[in-house]
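Below you'll find the structure, written out as structure tokens, and then a few comments.
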Amino acid sequence: MVTVALVVELVSTVLSLLCLPINVLFVYVIMKESHKQHAPFSSSFFRLCIHLSVADIMMTIFATIFFKFPIFGVFPESFYEENWSVVPVAGVNYLGHSQAIGIIFIAVNRFTAVYFPVKHKQRWWTPSVTTVLMILQWTIPLLFIVPLFFTEFTFVMDRSTGSVTFTAKDAAFHKVYFVGLAILDGMVINIIVSALYIAIFIRVQTHVVVRKPGELAMRLALSAFIIFISYCTLGIFSVLAAMTPPEDAWMYRTLWFVVNDVLCASNAPVLLALNKPIPPMAFTCPTLTQKTYPHLSSAARTLEGCSRDAHMNRPITAQQRTSCHAAGERHPIKINPPLA
Numbered sequence: 411m412v413t414v415a416l417v418v419e420l421v422s423t424v425l426s427l428l429c430l431p432i433n434v435l436f437v438y439v440i441m442k443e444s445h446k447q448h449a450p451f452s453s454s455f456f457r458l459c460i461h462l463s464v465a466d467i468m469m470t471i472f473a474t475i476f477f478k479f480p481i482f483g484v485f486p487e488s489f490y491e492e493n494w495s496v497v498p499v500a501g502v503n504y505l506g507h508s509q510a511i512g513i514i515f516i517a518v519n520r521f522t523a524v525y526f527p528v529k530h531k532q533r534w535w536t537p538s539v540t541t542v543l544m545i546l547q548w549t550i551p552l553l554f555i556v557p558l559f560f561t562e563f564t565f566v567m568d569r570s571t572g573s574v575t576f577t578a579k580d581a582a583f584h585k586v587y588f589v590g591l592a593i594l595d596g597m598v599i600n601i602i603v604s605a606l607y608i609a610i611f612i613r614v615q616t617h618v619v620v621r622k623p624g625e626l627a628m629r630l631a632l633s634a635f636i637i638f639i640s641y642c643t644l645g646i647f648s649v650l651a652a653m654t655p656p657e658d659a660w661m662y663r664t665l666w667f668v669v670n671d672v673l674c675a676s677n678a679p680v681l682l683a684l685n686k687p688i689p690p691m692a693f694t695c696p697t698l699t700q701k702t703y704p705h706l707s708s709a710a711r712t713l714e715g716c717s718r719d720a721h722m723n724r725p726i727t728a729q730q731r732t733s734c735h736a737a738g739e740r741h742p743i744k745i746n747p748p749l750a
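Sequential numbering of the sequence shown, starting at 411, is according to the working numbering.
Laid out in structure tokens, this is it:
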């Protein structure tokens with residue numbers, strides 16, 4: 411029997427799989443561009459986005475294999491009755507917390523970029539610091555899944571709703587562990603990250619440097635906030651599923667996987683849609699551009715330096731001001747502020 415829940419599950423699965431190549435292409439392009447000297451995509455923001463996209467890709471593949479395929483009869487009924495049946499639960503929790511940590515780091519990154527642009531670039535988000543944070547993004551979640559290997563789970567596959575629910579056989583463990591993590595992820599983290607984005611948008615609207623709606627700082631913050639909205643919704647359903655009796659939690663679990671599909675699929679498209687520098691930077695041939703417009707390199711470097719100085723509130727000399735003005739008069743090229 412085909413139900414609304416099953417149709418929604420099928421649609422979300424298809425959409426997430428269709429967006430999977432976009433996420434993979436996004437990671438490939440950004441990684442390729444980030445290796446170039448002074449490339450805008452080598453900034454800490456896009457390095458964090460790469461790792462968040464990798465977590466999204468892995469979550470899409472993992473959830474599809476272990477929580478979607480069994481529903482459609484791809485695997486035998488005994489699939490979840492083996493000793494390794496804890497792997498699906500541990501994998502989803504591991505990747506989910508990796509996504510959460512990535513979203514937190516991006517929110518903090520945008521906050522410091524807007525409020526403390528100089529320290530953000532020169533001290534707080536250096537390549538070495540960013541590397542340490544990315545390592546933490548993949549190691550901290552291991553602490554959350556260790557307790558799962560010391561308990562047993564019961565899985566229920568409901569083909570009429572398109573959901574796979576899991577319950578710890580130890581009712582006390584299930585209540586303490588899953589309710590505790592749901593409150594942490596769905597309430598505490600969401601409140602903190604929401605406060606950061608509210609502060610960011612207030613600053614963007616009032617600060618003289620980033621006041622214009624078209625400024626890059628606004629677009630980066632807005633794109634990260636839209637991605638966070640999906641995670642916030644995911645946290646709400648996590649709390650509802652954890653606080654509902656296991657036998658009645660199938661609806662919230664189904665909605666959780668639907669929202670998770672949206673979260674995993676939205677990262678790259680949102681960044682591509684809201685950040686104008688990405689498409690031309692990613693798909694323009696540098697050699698052809700230099701041959702066609704031989705003046706672009708020097709003018710662009712001059713104007714980019716002027717834009718960077720203005721963006722970071724650096725004082726400039728009269729000679730520098732004259733050079734900036736002359737470059738702008740000769741070649742009126744719009745240069746975006748640096749991708750902090």
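Where a beta carbon is used, it is the ideal one built from N, C-alpha and C, also for glycine. For clarity, every value in this text was computed on a predicted model and none was experimentally measured.
Margin query: Give me the DSSP bridge partner(s) of Phe563.
Written below: Working through the sequence shown from its first residue, we reach residue 563 at position 153. Answer is Ala578.
Note to self: Measuring only the C-alpha atoms, how far is Val669 from Ile639?
What the structure shows: If you number the sequence shown from 1, residue 669 lands on position 259. If you number the sequence shown from 1, residue 639 lands on position 229. Approximately 10 Å, taken between the alpha carbons.
Check: Since Tyr504 is in the alpha helix (DSSP H), which residue starts that stretch and which ends it?
Finding: Translated into the one-based positions of the sequence shown, residue 504 becomes position 94. Element bounds for Tyr504: 496–525.
Margin query: Using the Cβ count rule (16 or more neighbours within 10 Å means buried), how would you classify Trp535?
Written below: Reading the sequence shown from its first residue, position 125 is the one you call residue 535. Buried, because 16 or more other Cβ atoms sit within 10 Å of the Cβ of Trp535.
Check: If you count every other CB in all the chains shown that lies within 10 Å of the CB of Pro704, and 16 or more means buried, which is it?
Finding: The residue you call residue 704 lines up with position 294 of the sequence shown. Its pLDDT being 42, under 50, Pro704 is placed unreliably by the model, and the measurement read from it follows with that caveat. Pro704 should be labelled exposed.
Next item on the list: Figure out for me which residue from Met653, Tyr641, Phe647, Leu644 has the closest Cα to the Cα of His584.
Entry: Locating residue 584 in the sequence shown gives position 174, counting from the first residue. Comparing Cα-Cα distances from His584 to each of Met653, Tyr641, Phe647, Leu644, the minimum goes to Met653.
Check: Does the stretch 514–525 touch the stretch 599–608, meaning 3 or more C-beta pairs lie closer than 8 Å?
Finding: yes
Margin query: Can you tell me whether Ser453 is helix, strand or coil according to DSSP?
Written below: The sequence position of residue 453 within the sequence shown is 43, counting from 1. DSSP places Ser453 in coil when its eight states are reduced to three.
Check: CB-CB under 8 Å to Val421, same chain, minus the five flanking residues each way: which ones, in chain order?
Finding: Locating residue 421 in the sequence shown gives position 11, where the first residue counts as 1. The answer is none, since no qualifying residue turns up.
Item checked: Stretch pair the stretch 556–567 + the stretch 527–544: three plus CB contacts closer than 8 Å -> Taking 8 Å as the limit for Cβ pairs, the verdict is that the stretch 527–544 does not touch the stretch 556–567.
Note to self: For Val464, tell me which candidate among Glu443, Asn433, Phe451, Val424 has the shortest Cα-Cα distance.
What the structure shows: Against the sequence shown, residue 464 aligns to sequence position 54. Looking at the Cα atoms, Asn433 is the closest of the given residues.
Item checked: Euclidean distance between Cα positions of Leu428 and Ile440 -> One-based indexing of the sequence shown puts residue 428 at position 18. One-based indexing of the sequence shown puts residue 440 at position 30. Whole-angstrom Cα-Cα distance: 20 Å.
Checklist line | Buried versus exposed, by CB contacts within 10 Å (16 or more), Phe559 | finding: Position 149 of the sequence shown holds residue 559. Exposed, since its Cβ has fewer than 16 Cβ neighbours within 10 Å.
Note to self: Going by beta-carbon coordinates alone, are Glu419 and Phe667 separated by less than 8 Å?
What the structure shows: Your numbering for residue 419 matches position 9 in the sequence shown. Your numbering for residue 667 matches position 257 in the sequence shown. Cβ atoms of Glu419 and Phe667: closer than 8 Å.
Check: Using a Cβ-Cβ cut-off of 7 Å (strictly less than) and excluding sequence neighbours within five positions of Val649, which residues of its own chain qualify?
Finding: On the sequence shown, position 239 is the one that residue 649 refers to. Non-local beta-carbon contacts of Val649 in its own chain, meaning distances under 7 Å to residues more than five positions away in sequence, involve Ala592, Ile593, Gly596, Met597 in chain order.
Check: Would you say the stretch 455–470 touches the stretch 658–667, given that touching needs at least three Cβ pairs under 8 Å?
Finding: no
Check: So Val603 is in the alpha helix (DSSP H); what residue range does that whole segment cover?
Finding: In the sequence shown, counting from the first residue as 1, residue 603 sits at position 193. Residues 599–616.
Next item on the list: Taking 8 Å as the cut-off, decide whether the C-beta atoms of Phe456 and His507 are in contact.
Entry: Locating residue 456 in the sequence shown gives position 46, where the first residue counts as 1. Locating residue 507 in the sequence shown gives position 97, where the first residue counts as 1. In this structure, His507 does not lie closer than 8 Å to Phe456 by Cβ.
Next item on the list: Count the other CB atoms, across all protein chains shown, that sit within 10 Å of the CB of Ile550; report buried if there are 16 or more and exposed otherwise.
Entry: Taking the first residue of the sequence shown as position 1, residue 550 is located at position 140. By the 10 Å Cβ count, Ile550 comes out exposed.
Item checked: Unbroken alpha helix (DSSP H) run spanning Pro537, endpoints -> What you label residue 537 is simply residue 127 of the sequence shown in a count that begins at 1. Counting along the chain, the alpha helix (DSSP H) containing Pro537 begins and ends at 537–555.
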